[in-house]
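Okay, structure first, notes after.
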Amino acid sequence: MPWQPIPSVTEPHYLDTNLNQVQKCVNWYHEKTPNGFVLKSLHGFSVRNTVANNSACRGAKFDATSGYLFSVHDNTVYRSDGFGSSALTGTLSTNAGQVVLASGLSQLVVTDGLYGYVIDPVAATVTKITDGNFPANAQSCACINGQFLVTTSDNDRWYMSKVDDGLTWTPLISGRAITSGDKLAHVEVVRDIAYFIGFFSTEPWSTSTVDPYLQPISGAAVPVGVRFPSHVARVGDRICLFGWSDKAAPSLYAIEGGQLNKIATPYIESRIQSWDYNAKLIAYSIDGCDFLEAYQIMSAGFTGFIYNFASGTWDEIPTSRGLAYVANAFITGSAPIGFSGSDGSLYYMGLFNTQNGSNLVRILDFKIDGGMSRTVNQGIRFELEAQHDSSSSYTLSATLQKSDDAGRTFDTGITISKAITNGTSAQQVILQTPPLGSFKAGRIYRLTFTGPAARLILRRAEGLVTVGRF
519 MPWQPIPSVT EPHYLDTNLN QVQKCVNWYH EKTPNGFVLK SLHGFSVRNT
569 VANNSACRGA KFDATSGYLF SVHDNTVYRS DGFGSSALTG TLSTNAGQVV
619 LASGLSQLVV TDGLYGYVID PVAATVTKIT DGNFPANAQS CACINGQFLV
669 TTSDNDRWYM SKVDDGLTWT PLISGRAITS GDKLAHVEVV RDIAYFIGFF
719 STEPWSTSTV DPYLQPISGA AVPVGVRFPS HVARVGDRIC LFGWSDKAAP
769 SLYAIEGGQL NKIATPYIES RIQSWDYNAK LIAYSIDGCD FLEAYQIMSA
819 GFTGFIYNFA SGTWDEIPTS RGLAYVANAF ITGSAPIGFS GSDGSLYYMG
869 LFNTQNGSNL VRILDFKIDG GMSRTVNQGI RFELEAQHDS SSSYTLSATL
919 QKSDDAGRTF DTGITISKAI TNGTSAQQVI LQTPPLGSFK AGRIYRLTFT
969 GPAARLILRR AEGLVTVGRF
């Protein structure tokens, strides 16, 4: 009798199901292929180095002009060239809270919620902005055509510096953004368009010969905003928002090409409705895909979510990843750099499938599609591609458990395993269960992988039945 594909294993997760545990996918992500979706184990990270004061990262930015990666820890700014980090001369007046960095032609500006600072990337110095025209409570910054933009935490105005001079500001170059009048929480610049993001609306402005230098794009404002800069993440030309409107609960959005798209499914929205100012977004590009991670700061054990823009699918991650920022830096194609939210650790991402030195636990919940109670299942087999980061042989194993109460409890399960040969190259592995017997319609199975595999790709799952169908 033929083996039959189990479609639920490799279809997108988190659609409109009411069963939160059905199709749960932890530490995997989906990738589209010509033959459908495959599941890849989520990229892990390994320690790269640690900044001298070992303090959590408050903000980070790669400056493409100088080729340095800058990050703020406590009140100190560090500069990294890919091999190590060194502290800059000069410090910030604050030592806690998120900071925002923006790159100009030959400078960077930092805002910490109260003050602004200019970084000279070559001289490796930090200078506080003392110009009387610089606003108080500077919360967010960006740069457009060599001029820095700043917004504050207490009004709806934006402020602009002179060209390539973050220390000099003029009251003649400023404006009132967001037509609804709500406060500005953040500003981003994408290809000469400034996006002023308020509490309930986002307004794109373009350069102009009319004073002031920027003018709003008529009819382009969208009714979604954010509360804090931590609710915004950027990858390439895509702006991601943990966004609010004045008529709806928070959701997750992406702005690309001036268009606003909701990317959260109903299931994801139900899980994030209680999130507040502790919500945190990080975004980066790896393995040819753009990813968005969303989770709550200071919520131990709370589930986070990861979105793959290439496949348009959501999966789950543990908040123990603990990454405050991720920056795509250095040469094209190099691994992104992750910054710890609890200490001064910097990580390479994607090189190993371990999470800060620990093996990633990969969990997949699935159910038999349209199964009937009288179905007799002779077994399930999983076709994987495995690659490990050691020349020694090891055994790849997984535990398969079942649940008949919508995933609230699972049995002890069975273990299926396969010895992997020596060598670090990827190899095909078939894991096959013994006969599983009869089961109730809609039974949920949980497959849990543990062990030292550096990378796992689940390409196919099939079942063998004598009566009924999968």
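If you read the sequence shown in our numbering, its first letter stands for residue 519, the second for the next number, and so on. Cβ atoms here follow ideal geometry from the backbone N, Cα and C, with glycine treated the same way.
{"Item": "Three-state secondary structure assigned by DSSP to Phe988", "Value": "With a pLDDT of 47 at Phe988, under the threshold of 50, the predicted position of this residue should be treated as unreliable, though the coordinate-derived value follows. Coil, per DSSP."}
{"Item": "Close-in-space but distant-in-sequence residues of the same chain around Arg977 (CB under 7 Å, 5 per side omitted)", "Value": "Val556, Glu901, Leu902, Glu903"}
{"Item": "Cβ separation of Val753 and Ser803, assumed to be a contact under 8 Å, to the nearest whole Å", "Value": "6 Å"}
{"Item": "Three-state secondary structure (DSSP) of Tyr785", "Value": "helix"}
{"Item": "Strand pairing of His749, partner residues [DSSP]", "Value": "In DSSP, His749 forms no bridge with anything."}
{"Item": "Host beta strand (DSSP E) of Tyr795 (start-end)", "Value": "Careful: Tyr795 lies outside any beta strand (DSSP E) and carries neither H nor E."}
{"Item": "Status (buried if at least 16 other CB within 10 Å, exposed otherwise) for Thr913", "Value": "exposed"}
{"Item": "Through-space distance from Val569 to Leu864, alpha-carbon basis", "Value": "8 Å"}
{"Item": "Minimum C-alpha distance to Pro639 - residue among Gly631, Pro784, Leu587", "Value": "Leu587"}
{"Item": "Whole-angstrom C-beta distance between Asp630 and Thr612, which should lie under 8 Å", "Value": "5 Å"}
{"Item": "Limits of the unbroken beta strand (DSSP E) element including Phe967", "Value": "962–968"}
{"Item": "Span separating the alpha-carbon of Gln665 from that of Ala703", "Value": "19 Å"}
{"Item": "Counted within 10 angstroms of its Cβ, other Cβ atoms place Gly577 as buried (16 or more) or exposed", "Value": "buried"}
{"Item": "Val590 and Val636 closer than 8 Å at C-beta", "Value": "no"}
{"Item": "Ser763, DSSP secondary structure in three states", "Value": "coil"}
{"Item": "Coarse secondary structure for Asp638, derived from DSSP in three states", "Value": "strand"}
{"Item": "For Thr872, the residue or residues it bridges with in DSSP", "Value": "Asn877"}
{"Item": "Rounded C-alpha distance that separates Ser935 from Ser724", "Value": "59 Å"}
{"Item": "Asp534, buried or exposed, once every other Cβ within 10 Å from all chains shown has been counted against 16", "Value": "Note on Asp534: pLDDT 49, under 50, position unreliable in the model; the coordinate value appears next. Asp534 is exposed by the Cβ-count criterion."}
{"Item": "Paired residues, beta bridge with Phe900 - DSSP", "Value": "Leu949, Ala979"}
{"Item": "Reduced DSSP category for Ser624 - H, G, I as helix; E, B as strand; rest coil", "Value": "coil"}
{"Item": "Phe857: CB within 7 Å of a non-hydrogen atom of the ligand FMN", "Value": "In the structure on display, the ligand FMN does not appear, and there are no ligands present to speak of."}
{"Item": "Ser956 (DSSP reduced to helix, strand or coil)", "Value": "strand"}
{"Item": "Touch test, the stretch 773–782 against the stretch 637–656, Cβ-Cβ under 8 Å, three pairs minimum", "Value": "no"}
{"Item": "Per DSSP, the bridge partner or partners of Asn651", "Value": "Answer is none; Asn651 lacks a bridge partner."}
{"Item": "Assigned exposure category for Leu623 - 16 Cβ within 10 Å defines buried", "Value": "exposed"}
{"Item": "Pair within 8 Å by beta-carbon distance, Leu770 and Leu882", "Value": "no"}
{"Item": "Close Cβ partners of Trp762 (< 8 Å) along its chain, the five nearest in sequence each way excluded", "Value": "Phe717, Phe718, Val742, Gly743, Val744, Arg745, Pro768"}
{"Item": "Proximity of Lys550 and Ala828 at Cβ, strictly below 8 Å", "Value": "yes"}
{"Item": "Start and end residues, beta strand (DSSP E) containing Leu770", "Value": "769–774"}
{"Item": "Minimum C-alpha distance to Lys798 - residue among Thr837, Tyr785, Pro784", "Value": "Thr837"}
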